[in-house]
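The structure under discussion appears below in the form of structure tokens.
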Amino acid sequence: MAMMMLVVVILMMFLLLFMMMLMITNSMMLQVQLFLLMITMMIKKKKKKKKMMMIDDDDNDNYNDDDDDDDDDGGDDDDDNDDDDDDDDDDDDDDDDDDDDDDDDDDDDKIYTNIYLSHESYYPPCPRADDCHSSLVTCPCLRAP
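Per the UniProt record's numbering, residue 1 is the first one in the sequence shown, and the count goes up by one each step.
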């Protein structure tokens with residue numbers, strides 16, 4: 001009985017909202033579209049909250065499972081993985097050096113672009129004198145000789 005009353009109250013609230021939107025908008029189609037949009041946004045918001053809650057629960061479960069596995073293994077696997085991590089760190093250092101070279105190239109491009117933009121020949125010439133309009137300030141035929 002209480003569940004039925006809750007459903008009726010929610011439906012009445014939607015009806016009231018529907019009527020308020022009808023007073024704001026003149027078009028019935030626009031009003032229906034706004035109403036459907038609001039309902040879909042509410043549903044998406046609820047699904048997103050549920051998904052986030054499920055992701056948080058999974059992360060906590062995995063974290064606890066990892067701790068349990070380490071206790072059972074006695075931690076022998078951790079010593080073997082330390083040697084592998086040292087090798088990976090050396091490879092990462094080489095990659096960082098390559099990235100620095102790429103950044104230098106980007107800086108050169110920016111300098112060239114700034115010089116090019118400041119040059120007067122940046123503006124393209126008009127194809128014909130008839131195409132020059134008073135609104136085109138960059139058109140070379142409008143510039144003083």
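Each residue gets a CB set at the ideal place from its N, CA and C atoms; glycine is no exception.
Since this is a predicted model, take the numbers as computed values, not measurements.
Helix, strand or coil for residue i, going by three-state DSSP, please let me know.
i, result
"Met38", "helix"
"Met1", "coil"
"Ile10", "helix"
Report the residue from the options whose alpha carbon sits nearest the alpha carbon of residue i.
i, options, result
"Met13", "Ile39, Ala2 and Leu30", "Ile39"
With distances taken between CB atoms, is the gap from residue i to residue j smaller than 8 angstroms?
i, j, result
"Leu22", "Gln31", "yes"
Quick check: the Cα distance between residue i and residue j, rounded to an integer number of angstroms?
i, j, result
"Met20", "Phe35", "10 angstroms"
"Met3", "Lys49", "23 angstroms"
"Met5", "Lys46", "22 angstroms"
"Leu15", "Lys51", "29 angstroms"
"Phe18", "Ile43", "17 angstroms"
"Ile10", "Leu37", "17 angstroms"
"Val8", "Ile55", "33 angstroms"
"Met1", "Met29", "35 angstroms"
"Met53", "Met41", "18 angstroms"
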